[in-house]
Amino acid sequence: MSANKETEQFLSVMGEKKEMRFMSRTELEMELAIYRNIDYARLIELLLKGLWFVITNWKVIKEEINRILRKDGQ
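Going by the numbering used here, the sequence shown opens with residue 112, and the numbers climb by one from there.
As structure tokens, then:
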């Protein structure tokens, strides 16, 4: 996402959550940094959940891969 689009998206979220008021550039940059960190935290959470799913279901996944490979190999 381009920086302008990201900033526009951030401002629209901020407009929904807070009263619109004038912010100093420093305040805006700090809020944007918090917004970005939340986004990265969510991404990391989803990646960890996906990894946990693969680990806990590895036997089933491996059997499915082998079944598909045998089917393609015939």
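Just so it is clear, CB atoms sit at the ideal spot from N, CA and C, and this is done for glycine as well.
Determine the direct distance from the alpha carbon of residue j to that of residue i, and round the result to whole angstroms.
i	j	result
N115	I166	38 Å
R181	G161	26 Å
W169	N177	12 Å
E119	L143	11 Å
F164	S135	44 Å
Y146	L159	20 Å
V171	N148	35 Å
M141	L157	25 Å
What is the DSSP secondary structure of residue i, counted as helix, strand or coil?
i	result
N148	helix
N168	coil
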